[in-house]
Structures are given as structure tokens and as C-alpha cells.
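Chemist: Here's a structure for you.
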Amino acid sequence: MTTETHDPGAHRGAPDWLWYAGVPVAAVLWWLVYGQLIPLSEWVTALFPVPRDSHTGEAIAFFVYDVPKVLLLLTGIVFVTGVLRSWFSPEKTRAILAGRNQIWGYPLASALGVLTPFCSCSSVPLFIGFVSAGIPLGVTFSFLIAGPMVGPVGLGLLYGLVGWEIATIYLVFGFTIATVSGFVLGRLGLERYLQDWVRELNAGPVGDLPEVRLTMVDRLKIGLEQVREIVGKVWIWVLAGIGIGAAIHGYVPEEMMLTIMGGEAWWSVPAAVVVGVPMYTNAAGVIPIVEALLGKGAALGTTLAFMMSVIALSLPEMIILKQVLTLRLIGVFLAVVALGILATGFLFNIILL
Amino acid sequence: MKTVKVYGPGCARCEAAEKMVKEAAEKLGVAVAVEKVTDAKSIAMAGIMSTPGISVDGKLVHSGGLPDAGNLDGWLTA
């Protein structure tokens, strides 16, 4: 592998010092605005000609408070994650995981799934790259499940909107589901259910890319680029999610929530998974809904099951994977992950009943 | 005449990468034939795991995210 040094100063908009000064200044501004969100949102809510404690007033207050809060959190998380992930790449991850048949290949794959930058549009080449390099199928699945399941955006928003206790529970159980599901799938010997052409593929040639040496400013630039791309793409989901959350917060009566999503209703956990899988949204869109559900007394287990199945299992992802996996394998994959989610949901509903 | 291949299943960034290549070639006055590779199998066979990827005259030069404009000029003029 050759090394290519970055041409210093080439095509750089702002000088380095501006980046080093600008990022801390932006962080301080972010902090100041974030701290003033409650008075700010109450002030805006008061501008509406409805009583603050009416259904509509509650819904407006929820919306006006959550929109800037989620957008600020999202921007901060995506920036920090973008910078951190610039130290990782699918190529490096593959080199780390290759040939790891041992048991700890699974948790390692889950951890790298969270840290490695990849978008769902390249999950097929990534899958093939992994499998053809001799990474066991189960380990590859752990990686692919953990990526969306315990993504930093979902965790960060959960932390900011719902609290650290539930964010930690989610992290621990999401990580466990990814690891255990990968392990179980690996044990089932499913290699023969890959699409024929994938099995026949010889170990793909490793792309001999010159390693680009990134400066700190390059990494900050990557972070900002990520913010532009991701926030620019998901803001509409965020608004939709907060709109639904606001409607639940303002209008859904607590008794109704307890009947449908309370801990007593055992069937609510599988129902949450069945509803959650076809729903396709970004983590940033679903967490405001989760916030409203929990606020109205929905059981934690049911809500966790809903959130996990929305975020980790999505139909478009399955359609993409159809290129490399047979329907049968997709079915087994879905079933194993869904069982893990169900178990988590039931466990928390029983503990907290 | 250089043959540039842009690998990607058709995501927004892949389109943007293709546009960058064409614009850079025009700016530099380099004759290029830009070919888009969208088939997952061909992408994987080229050794690419994160898209968009770029190869110039059969040599892979970039994989994952948009290329740096300075590097891109370098690959096209090398």
C-alpha cells in the first residue's frame, strides 16, 4: 500500500486557524442556545392564541420545544461522529475482522459496526467485501445489525430527549442483540442460502488504495460535510416525527395509551414489532415519538421493541440485501433479530410491572 | 483519452462524484470517457466496499465519500 501525502493548502476554503477557532466558537454558541430552549419555546408558544394548558397548547409547546432541540442535537452528534469516524473505514474494519472465527469476533464486529462509516446504499458491496475476505457470515451480520441499531444519532437523541438511563439500556440491549443474533446466525450454517453468484465469487481483490493522510482540519471538514448531508436529508423526517409526537403528547388520553401500550397488555410487544418493521424512518424521526409515548405512560419494553424494530429492521434494507441473500436467509435473519427484540421488550415489561 | 469509472449504486453522492469528475476533466482540458458502474457485483469485484469509488484507466484511486478536489485533479493529470 502506498502512502500519499495530502497536498498542503490545496483547495482549502478557509485557513486552518479559522477551523481551530471556529469549531470551539460554534460549540459555545451551540451550548448557549441549547440552554435557553425552554424559555425560548415557552415564549413562542405564548404567541399562539390558545390556552397553554389546552390540548392544542400542549401539542404546540411540544413541537416548538422539540424542533430546535432535536435539530441542535442532531447537528452536534453528526459532527462529532463524522470527525470520530474519519479514523475508521470499511477497509480497516475488514482487515481487523478477517479470519476472526473466535467468539469475540462477534462483539468486536458489533462495536466496529457502530464506529465504521457506511451508508445503507453500499451495504451490498460491503457485505460481499466482508464475506469474500473470509469474515464469517455471522460476524458480518453482527456488524450489519449493530450499525443502524446502536447508531450514535439514535443514542444521542435518546439521551437528550428521554434521559441517560433509557439511553444506556438501549445501548446495552441493542449491542447484545446485534452480537447474539450474529452468533446465532453464524451457528445455523446459512452459507448455502447466499445467492449463487455470491458463493461462487472468489475472494475479491483487495482494493489497493493509496492511504490518504488526513490532517485534523480535513477531519473537521468531513464532520461538517456530514452535517450538511445528513441534516439536509433527514430534517423532513424529524419534523414529521416531532409532529406525530406532538399530536400524541397533546391529544392521546393516558388511559388509552395504557390500554394499548401499557405493561399489562402482553400482546403489545409483538404488535409493536409488527408495526415497527414496515415503518421506515431515520432514528432522528422516531425518537420524538418515543419521547411522547413514554411521557404518556407507554410501557418501556413495548416502546423499546417499537423503536428497535423501526430503526434496525427496515424493508428497504431487506430489498437491498435481496441481491446477495436468498429470501429464506432474509427470513431467518429477520426472525432471529425480531426474537431478540421481542425478548428485550418482554423482559423490560416484566421487570418494570 | 483516459477511462474513468465511477462505481456506485446510484446514491446522491455517486451522482455528485460523477459530476465532479466531468467538471474537473473539462476544467483541466483532459479528454475522459466517464463510465458509471451501478451493478453491485461489478462494484464488489472491483474491490470497493464503500461507494462512490473511482478508477482511472483500470486503477482504483478512490473509495468512499466524495473525492478531494485536489486529489481528483492529480489522478486525471497523472
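First to last, the sequence lines map onto chains U and G. Taking this note's numbering, the leading residue of the first sequence gets 15, the next gets one more, and so forth. Taking this note's numbering, the leading residue of the second sequence gets 46, the next gets one more, and so forth. All C-beta atoms in this analysis are idealised placements derived from N, C-alpha and C, irrespective of residue type, glycine included.
Residues of chain G with CB closer than 8 Å to the CB of residue 103 (chain U), please, in chain order.
Modeler: 95 and 109
Chemist: In whole angstroms, what separates the C-alpha of residue 338 (chain U) from that of residue 344 (chain U)?
Modeler: 10 Å
Chemist: Is it right to say residue 33 (chain U) is buried, meaning 16 or more other beta carbons lie within 10 angstroms of its own, or is it exposed?
Modeler: buried
Chemist: Do three or more CB pairs link the stretch 165–178 of chain U to the stretch 197–216 of chain U at distances below 8 Å?
Modeler: no
Chemist: Residue 138 (chain U) CB to nearest chain G CB: under 7 Å?
Modeler: yes
Chemist: Would you kindly work out how many angstroms separate the C-alpha atoms of residue 109 (chain G) and residue 93 (chain G), rounded to a whole number?
Modeler: Their backbone Cα atoms lie some 8 Å apart in a straight line.
Chemist: So residue 269 (chain U) is in the beta strand (DSSP E); what residue range does that whole segment cover?
Modeler: Residue 269 (chain U) -> not in any beta strand (DSSP E); alpha helix (DSSP H) instead, spanning 268–275.
Chemist: Under 8 Å Cβ-Cβ, which residues of chain G neighbour residue 143 (chain U)?
Modeler: Within 8 Å Cβ-Cβ: 89, 92, 93 and 94.
Chemist: Which residues in chain G sit within 7 Å of residue 280 (chain U), going by Cβ to Cβ distance?
Modeler: In chain order: nothing, as chain G lies at least about 41 Å away.
Chemist: Where DSSP assigns a beta bridge to residue 99 (chain G), which residues make up the other side?
Modeler: For residue 99 (chain G), the beta-bridge partners assigned by DSSP are G:51 and G:107.
Chemist: Taking the alpha-carbon positions, what's the residue 116 (chain U) to residue 192 (chain U) distance?
Modeler: 16 Å
Chemist: Does the Cβ-Cβ distance between residue 166 (chain U) and residue 91 (chain U) come in under 7 Å?
Modeler: Yes. Within cutoff.
Chemist: For residue 86 (chain G), which residues in chain U fall below 7 Å Cβ to Cβ?
Modeler: 211
Chemist: Near residue 199 (chain U), what residues of its chain come up, given a Cβ to Cβ distance below 8 Å and the 5 sequence neighbours on each side ignored?
Modeler: 151, 152, 155, 346, 347 and 350
Chemist: Closest Cβ-Cβ distance between residue 23 (chain U) and chain G: below 7 Å?
Modeler: Because residue 23 (chain U) sits at a pLDDT of 43, beneath the cut-off of 50, its placement in the model cannot be relied upon, and the following sentence gives the value as read from the coordinates. It does not: the Cβ of residue 23 (chain U) has no partner Cβ on chain G nearer than 7 Å.
Chemist: Closer than 8 Å is the cut-off here; do at least three beta carbon pairs connect the stretch 91–111 of chain U with the stretch 64–83 of chain U?
Modeler: no
Chemist: Select from G:81, G:79 and G:86 the residue whose C-alpha is nearest the C-alpha of residue 336 (chain U).
Modeler: Ranking G:81, G:79 and G:86 by Cα distance to residue 336 (chain U) puts G:86 first.
Chemist: Quick one: residues in its chain with C-beta nearer than 6 Å to the C-beta of residue 50 (chain G), no 5 flanking neighbours on either side, listed in chain order?
Modeler: Around residue 50 (chain G), the same chain offers 80, 82 and 100 as residues with beta carbons nearer than 6 Å, after the five sequence neighbours per side are excluded.
Chemist: From this set, U:120, U:205, U:281 and U:81, which residue's C-alpha is nearest residue 142 (chain U)'s C-alpha?
Modeler: U:205
Chemist: Look at the alpha carbon of residue 303 (chain U) and the alpha carbon of residue 163 (chain U), and state the distance between them as a whole number of angstroms.
Modeler: Those two C-alpha atoms are separated by around 17 Å.
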